[in-house]
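Student: Numbering (mature numbering (1 follows the signal peptide of the UniProt record, and there is no 0)), first residue to last: -20 to -1, 1 to 414.
We treat Cβ as the ideally placed atom computed from N, Cα and C, and that holds for glycine.
Sharing a structure with you now.
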């Protein structure tokens, strides 16, 4: 009954493999994620927002222009006593007045506040670009981790599939030997148990692979049920030099660049607050027109005026304790950010050295596991022949089979560990996006 179930299971597996699936390599996965990642979309929008703030319309260097007009109407009953003691009364005394004006105002000098504010906006744009780059790098690292975990699990499934095939072959051999009186029932039962255990492990590994694929799809921002096949081929970059990596990290690492950018913004913040102490000069010009129609009780029945008005204004906030506090606060903030830069540089040196050592060990491990894999493949083929000739026991043959399975998995894990170490080192060196 169990053999029938295994036959049905592997038949379904073959049918599933026959269905065409999307082939997804790691570069394609990164491209999809960078297009769909929600955090990255927010970072891009923040960069666009900072770009808007640097525009001429937000610079403060443009004048303000305003226009106004108005109409007034009154209908009153008036009793008027003049200086010569004569008087008059008018019922329905109508007064009409009209006015229109256009005014332009411009700040000629504001203590360099505009200059430093615009520099601050430009540096905020640079900060937003750096933060967007940081988000891109973090997204790429996440994709690499998820993709390689999936690729490793795929190879585990393939190794278990081979294990099941070898266990099935061993069971067939044990049955033939028992049939012809060359084996024992115990050998057959042991082979059956090992085949069952390998089949269970294979099914569980298939489940884990599907789960990892769903998690990767979620990270890519697409339907989690999208079917695809990962590429297990890994291409390594040429061996990297520790000194050049350290030099590149101190110059291009995103952590150092962000820390430097924050210091620059703090320095501009100090200049903006200091500029508040300087006087401000503004000018204005307007063209105005006024006309009024007056009742007989007025000295003038009609009045009209028009012309240009110019003005110049000087203001100086001689004392403002609040500005003094803001300058002191900005200086303290700058000192804190300078300390953060020193800390970031020291941590970077430690991280680069640790990462390079991890990378070097991963290189050695991959070479060693490659040698182990070759040795275990040869040992398994030799044990397979000896088992068929009855020269070794089923236990010894099973051990050779297990050694080959573990060696295949160890080699695959070493391969992906080395690539992840390489990627982490490139990020620290500021060269990941290259």
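To the nearest angstrom, report how far apart residue -5 and residue 207 are at their CA atoms.
Tutor: Since pLDDT at residue -5 reaches only 49, below the 50 mark, its modelled position is unreliable, and no value is offered.
Student: Provide the residue(s) that pair with residue 395 in DSSP beta bridges, ordered along the chain.
Tutor: Partner(s): none; residue 395 has no beta bridge.
Student: Between residue 401 and residue 330, is the Cβ-Cβ spacing less than 8 Å?
Tutor: Taking 8 Å as the Cβ cut-off, residue 401 and residue 330 do not qualify as a contacting pair.
Student: Given that a residue counts as buried once 16 or more other Cβ atoms are within 10 Å of its Cβ, and exposed if not, what is residue 376?
Tutor: So residue 376 counts as exposed.
Student: Taking the DSSP output, what are the residues bridged to residue 320?
Tutor: Looking at the DSSP assignment, residue 320 forms no beta bridge with any residue, so it has no partner.
Student: Determine the extent of the beta strand (DSSP E) in which residue 273 is found, giving its start and end residues.
Tutor: Per DSSP, residue 273 belongs to the beta strand (DSSP E) from 260 to 273.
Student: Identify the continuous beta strand (DSSP E) that holds residue 71 and give its terminal residues.
Tutor: Its beta strand (DSSP E) spans residues 67 to 89.
Student: Use the C-beta contact count for residue 421: other C-beta atoms within 10 angstroms, 16 or more gives buried, fewer gives exposed.
Tutor: In the structure as shown, the chain starts at -20 and stops at 414, and residue 421 therefore has no counterpart that could be examined.
Student: In the structure shown, what three-state DSSP assignment does residue 368 receive?
Tutor: Note: residue 368 maps to helix in three-state DSSP.
Student: In chain order, what residues of the same chain lie with their CB nearer than 7 Å to the CB of residue -12, ignoring the 5 residues before and after it?
Tutor: Because the pLDDT of residue -12 is 49, which lies under 50, any placement of that residue in the model is unreliable, and the number read from its coordinates should be weighed accordingly. Excluding residues within five positions, none has a Cβ falling inside 7 Å.
Student: Express the C-alpha separation of residue 127 and residue -3 in angstroms, rounding to a whole number.
Tutor: In this prediction, residue -3 scores a pLDDT of 40, lower than 50, which makes its location untrustworthy; the coordinate-derived value is nonetheless stated afterwards. Going by the C-alpha atoms only, they are around 23 Å apart.
Student: Can you find the residues in the same chain that come closer than 7 Å, C-beta to C-beta, to residue 306, ignoring five residues on each side of it along the sequence?
Tutor: Excluding sequence neighbours, residue 306 sits near 253.
Student: Please classify residue 35 as buried or exposed, where buried requires at least 16 neighbouring CB atoms within 10 angstroms.
Tutor: Exposed, since its Cβ has fewer than 16 Cβ neighbours within 10 Å.
Student: Mind checking which residues open and close the beta strand (DSSP E) that includes residue 419?
Tutor: With the chain covering -20 to 414 only, the question about residue 419 has no answer from this structure.
Student: Measuring CA to CA, which of 41, 406, 168 is closest to residue 231?
Tutor: Here the closest residue by C-alpha is 406.
Student: Using three-state DSSP, classify residue 335 as helix, strand or coil.
Tutor: Note: residue 335 maps to helix in three-state DSSP.
Student: Taking residue 210 as part of the alpha helix (DSSP H), name the residues at either end of that continuous run.
Tutor: No alpha helix (DSSP H) contains residue 210, which is instead part of the beta strand (DSSP E) from 208 to 210.
Student: Provide the residue(s) that pair with residue 225 in DSSP beta bridges, ordered along the chain.
Tutor: The partner list for residue 225 (beta bridge, DSSP) is empty, contrary to what the question assumes.
Student: Beta-carbon within less than 6 Å of residue 185's beta-carbon, same chain only, minus the 5 sequence neighbours each way: which residues are those?
Tutor: For residue 185, where only same-chain residues beyond five positions count, the Cβ hits under 6 Å are 136, 137, 140.
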